[in-house]
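When the count follows the working numbering, it moves up by one through the sequence shown with no breaks and lands on 319 for the last residue.
Using N, Cα and C, we set each Cβ at its ideal position, and we do this for glycine too.
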Amino acid sequence: MRIPDIAPGGRVLALGHYQPSNVVTNDDLAKTMETNDEWIQSRVGIKERRVAPASESLEDMATIAGGKALAASGLSPDDIDLVIVATCTLETQIPNASAVVAHRLGITSPGAFDVNAACAGFCYALGTASAAVRAGSARNVLVIGAEKLSQWVDWTDRSTAVIFADGAGAAVVGPSETPGIGPVVWGSAGDKADAIIIKDRDDFLHQEGQTVFRWATTALAPVALEACARAGVDPSELAAFVPHQANLRIIEAIARKLGADKAVVARDIVTAGNTSAASIPLALSRMLERGEVRSGELALVLGFGAGLTYAGQVIEIP
């Protein structure tokens with residue numbers, strides 16, 4: 002049996018992102034609930050977040066981010082044969098977002114599926130895309146993380162309303178003579194699944210903040226180090242550390258344990274809030290746009306969240 006077109010490795014060819022135009026500040030939230038700017042910043046590090054209007058859907062945001070990544074890659078829609086959307090906030094379960102987004106972008110007859118690993122979703126999807134390219138199952142893959150968390154948040158509950166936000170980030174993954182995406186280190190802690198939950202379609206998102214905080218600050222640094230080890234990269238070689246933008250205190254705690262002293266640490270949460278599966282590609286795309294990182298440098302991405310799930314890998318910045 003001959004298996005054609007197997008690539009030695011996969012790499013990220015380009016990134017793209019999108020945020021809704023509506024900015025909601027901490028002072029805005031203080032007008033509708035018992036909170037204030039100092040309380041929010043001291044606990045989660047957020048100053049403002051973006052919230053999409055009712056007229057703007059998750060698929061709308063995913064399409065814009067995906068279109069930007071596709072344009073930046075230099076590929077045409079015909080070059081894409083697999084689309085993966087990482088999300089946990091679709092309004093309906095059917096149809097999936099990936100097929101809708103692919104059609105809107107003019108991508109004809111691709112494989113199309115969604116991944117729900119919550120805030121770890123983008124890293125799960127990126128690992129899957131890289132494996133598909135290396136196995137010859139796909140030539141080029143469009144990977145999108147997109148969330149509209151605002152429609153699943155109780156805006157009178159300050160424990161969640163101050164944290165979550167909307168947005169999308171995307172990456173195009175293609176073949177490479179040398180690997181540009183390291184092995185994914187992924188796993189789960191299902192015994193803590195109730196820590197972040199939406200009970201049913203009529204309920205809001207509920208989170209046990211302290212449980213998640215303790216788990217994230219103790220369990221995830223070893224995952225980050227293992228991702229570096231499997232890629233054959235010392236943390237000192239990293240130019241960037243881009244963890245899920247869950248909470249600024251969590252981000253800084255993991256970064257200290259990682260010991261990547263030369264790495265720029267993504268702190269996109271300050272102005273973007275927690276956008277779940279969108280947060281990593283959104284943060285990395287914005288870092289590249291601002292010139293904080295350069296093409297060819299190494300970044301460690303690390304997703305973690307509801308499930309509880311986690312995943313991370315080292316990538317070469319496009």
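Nearest-angstrom Cα separation, counted from residue j out to residue i
i, j, result
"R105", "S138", "23 Å"
"M2", "E60", "Below a pLDDT of 50, predicted positions are generally treated as unreliable, and M2, at 43, falls in that range; no measurement from the model is reported."
"A200", "N117", "Per the sequence shown, residue 200 should be read as Lys rather than Ala. Straight-line Cα distance between these residues: approximately 16 Å."
"G68", "G17", "8 Å"
"Q246", "M62", "18 Å"
"K263", "E238", "7 Å"
"I145", "R215", "29 Å"
"A307", "F205", "14 Å"
"S160", "N275", "13 Å"
"V266", "C229", "16 Å"
"P78", "I108", "5 Å"
"L76", "L259", "36 Å"
"I251", "D80", "39 Å"
"G128", "A8", "15 Å"
"A133", "V234", "23 Å"
"A66", "N97", "17 Å"
"D203", "R44", "28 Å"
Contact under 9 Å by Cβ, residue i with residue j
i, j, result
"V302", "P244", "yes"
"A196", "A147", "no"
"D38", "N27", "yes"
"L226", "P236", "yes"
"A217", "A254", "yes"
"R135", "G10", "yes"
"L30", "V173", "no"
"E92", "Q152", "yes"
"A278", "G122", "yes"
"L143", "A171", "yes"
"V25", "A166", "yes"
"G292", "Y125", "no"
Per DSSP, cross-strand counterpart(s) of residue i
i, result
"G46", "Answer is none; G46 lacks a bridge partner."
"D115", "V86"
"P244", "L303"
"H207", "I198"
"T26", "E49"
"I251", "DSSP lists no partner for I251."
"K149", "D167"
"V1", "No answer is possible for residue 1: the residues shown for the chain start at 2 and end at 319."
"Y125", "For Y125, which the question treats as bridged, DSSP gives no partner whatsoever."
"E317", "L299"
"P176", "G11"
"V142", "L83 and V174"
"W187", "A312"
"G17", "A171"
Sequence-distant residues of its chain with Cβ nearer than 7 Å to residue i (five each side left out)
i, result
"V101", "E60"
"Q94", "none"
"E209", "A196"
"S99", "V84, I85, V86, A113, F114 and D115"
"T64", "V102, R105 and L106"
"E57", "P21"
"A194", "G308 and L309"
"S131", "G11, V174 and I182"
"G188", "Y311"
"R287", "H18 and D269"
Cut-off 8 Å between Cβ atoms - residues of its own chain near residue i, not counting five sequence neighbours on either side
i, result
"I318", "V13, A240, A241, L285, L289, V294, R295, S296, G297, E298, L299 and A300"
"G191", "G308 and L309"
"A119", "C89, I197, S277, A278, G306, A307, G308 and T310"
Cβ shell of residue i (< 6 Å), same chain only, five flanking positions each side left out
i, result
"Q20", "R51 and G168"
"L249", "G46 and I270"
"S110", "none"
"H207", "I198"
"A55", "none"
"V224", "V186, Y311 and G313"
"A15", "A70, A73, S74, V173 and P319"
"D82", "P111, A139 and R140"
Residue i Cβ short of 8 Å to the ligand SAH heavy atom set
i, result
"A100", "In terms of ligand content, the structure shown is empty, and the ligand SAH therefore cannot be addressed."
Q | Three CB pairs or more closer than 8 Å across the segment 270 to 277 and the segment 46 to 63 | A | Touching, per the Cβ criterion.
**Q.** Cβ contact check for the segment 142 to 156 and the segment 306 to 313: 3 or more pairs under 8 Å
**A.** The segment 142 to 156 vs the segment 306 to 313: no contact.
Q. Any chance the segment 34 to 41 sits against the segment 276 to 283, with 3 or more Cβ pairs inside 8 Å?
A. In this structure the segment 34 to 41 does not touch the segment 276 to 283; the number of beta carbon pairs closer than 8 Å is below three.
Q: Would you check if the segment 169 to 180 and the segment 210 to 224 touch, i.e. whether three or more CB-CB distances between them fall below 8 Å?
A: Too few Cβ pairs lie closer than 8 Å, so no.
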